[in-house]
Structure formats: C-alpha cells, structure tokens
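Counting from 1, one number per residue, gives the positions in the sequence shown under full-length UniProt numbering.
Backbone N, C-alpha and C define an ideal beta-carbon position, used for all residues, glycine too.
Have a look at the structure below, then the notes.
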Amino acid sequence: MNFYERHILPPLLNFVMGQKQLKPFRERVIAGATGDVLELGIGSGLNLTHYGNSVRSVTGVEPSAELLKMAEQLVDRAIVPVKLLKTSAEGLPMESASFDTVITTWTLCTIPNAHMALQEARRVLRPGGTLLFVEHGRAPDANVARWQDRLDHVWGCIAGGCHLNRQIDALITDAGFDIQILHHHRISGPRTHTYLYEGQARPQ
C-alpha cells in the first residue's frame, strides 16, 4: 500500500461518501435492517449512527486498517453493539447462517471479487434473511456506459479500485439472490459516477 492509499485516499473517501445527497439513501437502506447485521465494507463507519432499535448487533468488515480506525471513532455513537473486523468480504470468518441482514452501501463497486463476496453474503444469511443495498454502477444509457468503460481503469487507480461499470443487479442475481425490490436513481454529479441501484434481495 502506497502513501496515497494509506494517508490521502481514506479521508478523501470519507469526505465524498459523507455527501449530504447520499444521506437519504443510507437512512432508507439501514431502516430495513433487523436482528444481527453484517455490513460489508463498512469503511469509515458512516452508516453506524443510522442503525435503530430493530437491530440487535452490527458486525462490520473492512480490509482497510485506515478506514477501520475512522469507523472506531463512531462506534460509541451507535445505539447497538458494534464489532469491527479487518478482513475481506470474499472470505468471511463467520459460520453459515449467522446474520439476519447483510448491508452493502457503495461497496460492490470496489470489492475485487464481488461475485465471491455476494456468495459469502448468501452463505452467512439465516433462512429468511435479507440483503439490503445501495450501489452505483453501470448506467442504462449506452453512451454513458461506453464512457464508464473507457474511464473504468483510470478511475480505479484514483479511487482505490472502484469500478464505474459493474451491473449491480446482475451481480446480485448471479450470486444466487432473488431481487425483490429494485429502484434506480440518478443523483447530481458526473453521469458516469451517479447511477444508483437501491433495493433488497433474498437468497434463492
């Protein structure tokens, strides 16, 4: 890990992901969480203060030690017990059927093997459990999608491996989930970066 990835990127990500326009999406997604929750790519912990009384516990996994240090500063502000683990989403150290809810918020774009991470999410969900997500990804407009493809490699170098062109709904269904609710949104900003998928899914 170089100087940029260790010292510049984490606070930059925290600033960008803390934008006011993203807050309503966080609130809606987290409001659906119940029971024992696993958050994939918890990052700097921006979701922690949104968990409510319907949640029994939150376990957050994150491969970045720098982002986890930032998340640790918010643990005391959560009203539910929080456990943070430095590990990747592709190889979760939890037993199968351990969680009622899995959360991903602007995470699937960056996980190197998102398919494997989603399969792991399916494994650790209890029967009847739910995957709740809001993610940015491939736009339906062909011209925008072409630019996403062109910019994807360069953007990944700048943004810690983030991909602009992942088809989020296809990733989720290919990993063995049935999407039950799916909403599409466009937020302000470059069209290549601001197409959102929001919804919920259950294991097939």
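Helix, strand or coil: which one does DSSP assign to residue i?
i, result
"P127", "strand"
"D174", "helix"
"H193", "coil"
"I30", "helix"
"I179", "strand"
"L48", "helix"
"P203", "strand"
"D169", "helix"
List the DSSP bridge partners of residue i.
i, result
"F154", "Note that residue 154 corresponds to Val in the displayed sequence, not to Phe. Bridge partners of V154: none, in fact."
"T105", "V134"
"Y4", "Beta-bridge pairing links Y4 to no other residue."
"D36", "S57"
"H184", "Y197"
"F99", "L125"
What do you reckon, is the C-beta of residue i under 7 Å from a heavy atom of the ligand GTP?
i, result
"G41", "Annotation note on the ligand GTP: not contained in the displayed structure, which lists no ligands."
Straight-line CA distance for residue i to residue j?
i, j, result
"A65", "V58", "18 Å"
"G129", "I172", "15 Å"
"R123", "H136", "24 Å"
"G43", "H183", "24 Å"
"T110", "Q119", "16 Å"
"Y197", "E72", "28 Å"
"E27", "A33", "10 Å"
"Q21", "R186", "11 Å"
"L12", "F3", "13 Å"
Along the chain, where does the alpha helix (DSSP H) containing residue i start, and where does it finish?
i, result
"K83", "K83 -> not in any alpha helix (DSSP H); beta strand (DSSP E) instead, spanning V82 to L85."
"V16", "L9 to M17"
Start and end of the beta strand (DSSP E) containing residue i?
i, result
"R56", "V55 to V61"
Assuming residue i and residue j form a contact by the criterion Cβ under 8 Å, report the distance between their Cβ atoms to the nearest whole angstrom.
i, j, result
"G45", "M17", "Going by Cβ atoms, the distance from G45 to M17 rounds to 10 Å, so no, they are not a contact pair."
"Q148", "A139", "7 Å"
"L68", "L84", "6 Å"
"L131", "A201", "5 Å"
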